[in-house]
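Structure record follows, encoded as structure tokens.
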Amino acid sequence: MCLVGIWMVIFIEVSWKSAVKGVQKEIVRTGMKGTMGNKGATIIRLRIHDSTICFTNVHLESGEKRLDIRLKTWADIHEKAFQQNIPGVQTEPKIEYSDFKFFIGDMNFRVDLPADNVRSTIKEIDSMKRRDDHKSAFKLLDGLLKYDQLSMERRNPECMVYLAAYNEAPITFVPTYKFDKNSYEYSLKKNRVPSWCDRILLWSDYPFSQKTYTSVEMLESDHRPVIAQYTLQLTRKQSEVVEVTHQNFLAKEFRDSHFDFL
Numbered sequence: 006m007c008l009v010g011i012w013m014v015i016f017i018e019v020s021w022k023s024a025v026k027g028v029q030k031e032i033v034r035t036g037m038k039g040t041m042g043n044k045g046a047t048i049i050r051l052r053i054h055d056s057t058i059c060f061t062n063v064h065l066e067s068g069e070k071r072l073d074i075r076l077k078t079w080a081d082i083h084e085k086a087f088q089q090n091i092p093g094v095q096t097e098p099k100i101e102y103s104d105f106k107f108f109i110g111d112m113n114f115r116v117d118l119p120a121d122n123v124r125s126t127i128k129e130i131d132s133m134k135r136r137d138d139h140k141s142a143f144k145l146l147d148g149l150l151k152y153d154q155l156s157m158e159r160r161n162p163e164c165m166v167y168l169a170a171y172n173e174a175p176i177t178f179v180p181t182y183k184f185d186k187n188s189y190e191y192s193l194k195k196n197r198v199p200s201w202c203d204r205i206l207l208w209s210d211y212p213f214s215q216k217t218y219t220s221v222e223m224l225e226s227d228h229r230p231v232i233a234q235y236t237l238q239l240t241r242k243q244s245e246v247v248e249v250t251h252q253n254f255l256a257k258e259f260r261d262s263h264f265d266f267l
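Its first residue numbered 6, the sequence shown is counted upward by one per residue in this note's numbering.
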């Protein structure tokens, strides 16, 4: 499933193949007032036994000053997905009616601090980690996260339900954007503020646990991909509960007892 700049594939282990039904796909374009695919979302929804799982992979508006546009796009994706008037295509339930809802991708939320301050703080954090002073490093990291736009919006009592309903594990890694390619250094071009643009969130109506949430040192991009691993409780008829472990790799991976997707 792809849109300009977004590619999402789900891999399913052969032993799970017979349990997967009702695969649906959707594209929501939000660039240039909904006419362009440079921004927006690709969405895949499927059913495993009697549980529906929806994956929404997004690329939201960039820029430090475009928070309002990102929030509007977040809402538009939830309102428009599976609801678009396409001749011959029946309208399906919205994203929110899925049992497990993953929202992943380059969300472009920025840190509301001067770029030089953020870069110098990250250097201090790295230095502390090399000295095994992890407690002080995480304290500095938490200080930066207080100015992360997505975190601030989620703390806002008036934030929209499409934002508040999602869960994000504590962030313990440094900002994932913007790096010089093939380098460990943050880019100085245009003085962009290092930020946690790449995120993985889950909105669930059923029990789950999360085992990991971190970034990966892949140098080919100006972003660092993020990964997460979940265990989901799926349901079958007669209320039988099935545990599935889900490994998410910005484009994602599912495992269990074993269900894999990338």
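Where is the CB? At the ideal position from N, CA and C, for every residue including glycine.
Comparing alpha-carbon positions, the option among Ile205, Ser156, Tyr211 and Gly10 lying closest to histidine 64 turns out to be Gly10. Taking the Cα positions, alanine 142 is about 8 Å away from glutamate 129.
As far as DSSP is concerned, glutamine 89 takes part in no beta bridge. Taking the CA atoms as reference points, proline 98 sits about 36 Å from aspartate 117. Counting along the chain, aspartate 111 sits inside no alpha helix (DSSP H); it lies in the beta strand (DSSP E) bounded by residues 105-111. For aspartate 131, the uninterrupted alpha helix (DSSP H) run begins and ends at 120-135, by DSSP.
Scanning its chain for C-beta atoms nearer than 7 Å, with the 5 sequence neighbours on each side dropped, one finds around tyrosine 171 the residues Phe108, Leu206, Leu207 and Trp208, in chain order. With a contact defined as Cβ atoms closer than 8 Å, tyrosine 182 and serine 200 qualify at about 6 Å. Collapsing the DSSP output to three states places leucine 150 in a helix. When the alpha-carbon of alanine 46 is set against those of Ser56, Arg34, His54 and Arg52, the nearest one is in Arg34.
Distance from the CA atom of leucine 150 to the CA atom of threonine 177, rounded to whole angstroms, is 10 Å.
Straight through space, the alpha carbons of isoleucine 232 and threonine 96 are spaced by roughly 32 Å. Rounded to whole angstroms, the gap between the alpha carbons of tyrosine 189 and threonine 126 is 15 Å.
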